[in-house]
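In UniProt numbering, the protein residues as written are 1 to 198. By construction, the Cβ of each residue, glycine as well, lies at the ideal position given by its N, Cα and C atoms. Since we're looking at a predicted model, the values are computed, not measured.
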Ligand SMILES: [Fe+2]
Ligand SMILES: [Fe+2]
């Protein structure tokens with residue numbers, strides 16, 4: 001007899017209410033004093049990215065700062081997806097069936113971002129692709145807010161705050177790492193001399 005083994009997909013591990021209750025009774029690390037809930041931290045970051053999109057869309061196409069703002073937004077988007085993939089989604093997976101779709105949407109957003117970053121901020125194509133990315137990000141973030149973030153409450157307040165503290169720490173750490181990398185790239189470009197575009 002051939003045994004057909006099912007390879008679990010992300011999200012297959014959804015727990016029953018009894019299992020969730022049992023998991024909540026497991027000793028969890030206490031959140032640091034004053035820590036915010038993970039969903040609050042992530043919602044605030046969504047809002048920050050929404051504002052950045054609006055700022056860039058409102059800038060004149062020829063404004064030289066437009067590319068800098070776009071790079072800032074790109075970094076924030078990448079960092080956001082990374083902290084969700086590394087911290088939030090694995091923790092929320094037992095209580096939310098949205099995780100596999102959300103993972104797939106992160107990949108789509110990364111592909112769309114790569115397209116935008118290849119375009120000149122003063123080109124009409126940039127406007128179109130930027131608005132496409134904005135709409136896709138807004139759709140993804142809004143569905144997290146209305147579904148996954150609500151389901152995450154089942155993990156309990158202490159666990160959400162402990163997770164929120166880890167997310168804030170990782171956001172800070174990744175921003176610092178990104179700033180260092182940006183500075184290294186700028187330094188290399190400056191040392192290589194003029195004639196190198198962007
Ligand atoms: Fe996400
Ligand atoms: Fe998110």
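- Under the three-state reduction of DSSP output, residue 59 falls in the coil class, being neither helix nor strand.
- Cα atoms of residue 159 and residue 42: separation of roughly 15 Å, rounded to the nearest angstrom.
- If the five residues before and after residue 35 are omitted, its C-beta is found closer than 6 Å to the C-beta atoms of 161, 164, 165, all from its own chain and listed in chain order.
- Annotation for residue 72: 52 place their beta carbon closer than 8 Å to its own, counting only its chain and skipping 5 residues before and after.
- Here residue 92 is buried. Its C-beta has 16 or more other C-beta atoms within 10 Å.
- Shown here, residue 124 sits in a helix according to DSSP, grouped into three states.
- For residue 32, the CB contacts under 6 Å within the same chain, skipping 5 residues up- and downstream, are 165 in chain order.
- Counting only runs of 4 or more residues that sit fully inside the UniProt domain "Hemerythrin-like" (39 to 149), the alpha helix (DSSP H) segments are 65 to 83, 89 to 92, 99 to 117, 124 to 143, in chain order.
- Contact between residue 95 and residue 151 is confirmed by a C-beta separation of about 5 Å, below the 8 Å threshold.
- Contact between residue 149 and residue 39 holds: CB atoms are separated by about 4 Å, below the 8 Å threshold.
- Classified as buried, residue 102 has 16 or more neighbouring CB atoms from the shown chains inside 10 Å of its CB.
- For the set 45, 187, 144, 63, the Cα lying nearest the Cα of residue 175 is the one of 45.
- Apart from the 5 residues on each side of it in sequence, residue 130 sits with its Cβ closer than 7 Å to the Cβ of 56, 57, 116 in its chain, given in chain order.
- Under the three-state reduction of DSSP, residue 36 is assigned to coil, being neither helix nor strand.
- Within 6 Å of the C-beta of residue 133 there is not a single heavy atom belonging to ligand 2.
- For residue 49, the CB contacts under 8 Å within the same chain, skipping 5 residues up- and downstream, are 73, 76, 77, 80, 137, 141 in chain order.
- Residue range 157 to 192 is occupied by the alpha helix (DSSP H) that includes residue 180.
- In this structure, DSSP gives residue 30 a state outside helix and strand, which the three-state scheme calls coil.
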